[in-house]
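Residues 16 to 483 (the numbering used here) are what the sequence shown spells out, left to right. The beta carbon of each residue, even a glycine, is placed where N, CA and C say it ideally should be. Keep in mind the model is a prediction, meaning the values are calculated, not measured. Input: a single structure, listed below in structure tokens.
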Amino acid sequence: MSMEHERRRIGRRTFLWGAAASAGAVAIGGALAGIPGAIAGKPGGTATRNPLYIPPTVTPSSYTLTAAPATVSLGGGKLSSVWAYNGLLPGPTLLASRGDTATITLSNRLSQPTITHWHGMIVDDLNDGAPRLAIPSLATYNYDFTINQRAAMNWYHPHPHMLTGEQVAMGLAGAFIVRDSEETALGLPSGVYEVPLVVRDATFDKVGNMAYTPRNGGFEGKVPLVNGTLNPRLDVDTARYRFRVLAGSNARIFGLALSNGAPFALIGNDGGLLENSLSVNQIDLSPGERVDVIVDFRDLAVGSSVMLRDLRSGWDLLEFRVTRRVNDTGTITTALSTITRLSDPLATRNFSFDGMSRINGKTYEVDRIDFTVPFGQTELWRFSTAGNAPHPVHVHGASFQVLSRTGGRGRLFPWEAGWKDTVLLEDGETVEILIRFDAAPNQGSLYVIHCHKLEHEDAGMMANFQVV
Ligand code: C2O
Ligand code: CU
Ligand code: CU
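Given below as structure tokens:
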């Protein structure tokens, strides 16, 4: 960022469209307003680290999400034009409990169609936000669904056909956290000790505005953003923290690790808690995947710091600075949950992810139903590709269990246990999953399966199916 741009910065403000009309209004600008006008990294110097932005938490009950152009501070005193939900990047964190009803109005203040999908939420097709439900500019869409699934961190993002990549890259995304009694009983770190981390990459134009510049079938940004913060830092206590990490990138895969070599205690992923916590040193996360990890800062001295790194790009993602000694005597139980294994599939389906735009040779058509799946029946789905990976394969309407990976990396990884909704397919790999659509909202619903590399999805690497 040029110094001239720094000087032109007059004040910090968040430009909002209609957010004030939301019931249960958010403390707009609360955390954003707390970001001091730190000076961004001088060329060749070390970057000043900006406080990590943590989006406000809201209850998705009679709540309005407005997708609109906005001006936000991403840290370092920059103001950037982006597209955002309720003027926030990431959007407000929706927080609900199993059994709650979500009533959300989407208001489209973009100049193009949009629709919001609740990635990971098991809802019927009219609430799923698939491409065929896209609404035009200035229209609204009403969602109304009951949450009946395991505690997990899901996320919401746009899903209009051929426009998803641009809308997500421009900033439209947020976390949707579901709680349940099983999770609560574990007494996991909470309050300030539970932090959502939406990790993505971004590119800015000459004046510091968010830019979407896809190339070679995928958008890879030039810099990382964690919760929409450039060069972020989080001041931590000598305590255990629960980080809910989401790869919110369009195409980039992250290889997460801690700079001090300390492990993550992996406790959950896309579909919620794993059976047992497991210590891992590196976690690969592709677009759409989530992990739930505990990081223990108790043995660190006040004044020390640890970096969350992306080993694939060599990026420093987030600095943890130990600033306060506290007495955290808690432990993490190893046994977390029970996962009933799916077994005995009654049918096998093959999906080949072809080129950069086709599944089984076909490009997506909004109105074509490509296959039907019987309700309540376990099936084995086999994903393969002849190239152009990564293909993070995502299925709407159900979580699944990953059975095997042959070819390529040739194994499954700890973060692929339990319940998943997105699984990474690399070149040369065949991945098998077991899936069953047995939740009430599945009956009769139309869903999509697609590559979550958003430029592949937009190009048509997606198919419609109906649960019958
Ligand atoms: Cu995260 Cu069909 O999308
Ligand atoms: Cu989804
Ligand atoms: Cu793909």
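The region 127-141 makes no contact with the region 87-95: fewer than 3 CB pairs, one atom from each, lie closer than 8 Å.
A Cβ-Cβ distance of about 5 Å is found for the pair E470 and G232, placing them in contact under the 8 Å criterion. Secondary structure note for T155: its beta strand (DSSP E) is the uninterrupted segment 155-161. Set against 8 Å, the gap from the CB of K377 to the closest heavy atom of ligand 3 is not smaller. Bridge partners of E209 according to DSSP: R257. For T129, there is no enclosing beta strand (DSSP E), since its DSSP letter is neither H nor E.
With distances taken between CA atoms, S264 lies nearest to V183 out of N275, V183, A226. Taking a C-beta distance under 9 Å as the contact criterion, A149 and P175 qualify as a contact pair.
Rounded to whole angstroms, the Cβ separation of V210 and A111 is 18 Å, and the two are not in contact under 8 Å. In the structure shown, the three-state DSSP call for L293 is strand. Secondary structure note for D473: it is in no beta strand (DSSP E), and the uninterrupted alpha helix (DSSP H) holding it is 469-474.
In this structure, A99 is the residue among A99, Y256, V446, F160 with its C-alpha nearest to the C-alpha of S88. M322 has E334 as its beta-bridge partners, per DSSP. For Y78, DSSP records a beta bridge to I119.
Around the beta carbon of L361, fewer than 16 other beta carbons sit within 10 angstroms, so the residue counts as exposed. Between the region 287-294 and the region 165-180, the count of C-beta pairs closer than 8 Å reaches three or more; the two stretches touch. By the C-beta density criterion, P302 is buried, having at least 16 other C-beta atoms within 10 angstroms. Look at A454 here: in three-state DSSP terms it is coil, with no helix or strand label.
Under the 8 Å Cβ criterion, the region 351-360 does not count as touching the region 331-340, having fewer than three qualifying pairs.
The residues G376, A401, in chain order, have a CB closer than 7 Å to that of D369 in the same chain once the five nearest residues on each side in sequence are set aside. Bridge partners of G402 according to DSSP: none are assigned. Placement of the Cβ of V463 at a distance of less than 8 Å from at least one heavy atom of ligand 1 is found.
With a contact defined as Cβ atoms closer than 8 Å, P429 and L293 qualify at about 5 Å. By the criterion of at least three beta-carbon pairs nearer than 8 Å, the region 112-127 is not in contact with the region 449-462. When distances are taken from the beta-carbon of D473 to the heavy atoms of ligand 2, even the shortest one reaches 8 Å or more. Contact residues of ligand 3 (beta-carbon closer than 7 Å to any heavy atom; chain order) are F368, M371, N403, A404, P405, H406, C466, K468, H471, M476.
For G270, the enclosing beta strand (DSSP E) has its first and last residue at 269-273. Contact between K468 and A145 does not hold, since the beta-carbon distance rounds to 18 Å and is not under 8 Å. With a threshold of 8 Å, the Cβ atom of G223 does not count as near ligand 1, since no heavy atom of the ligand is closer than that.
Note that the region 400-416 touches the region 430-437; at least 3 beta-carbon pairs, one per stretch, sit closer than 8 Å.
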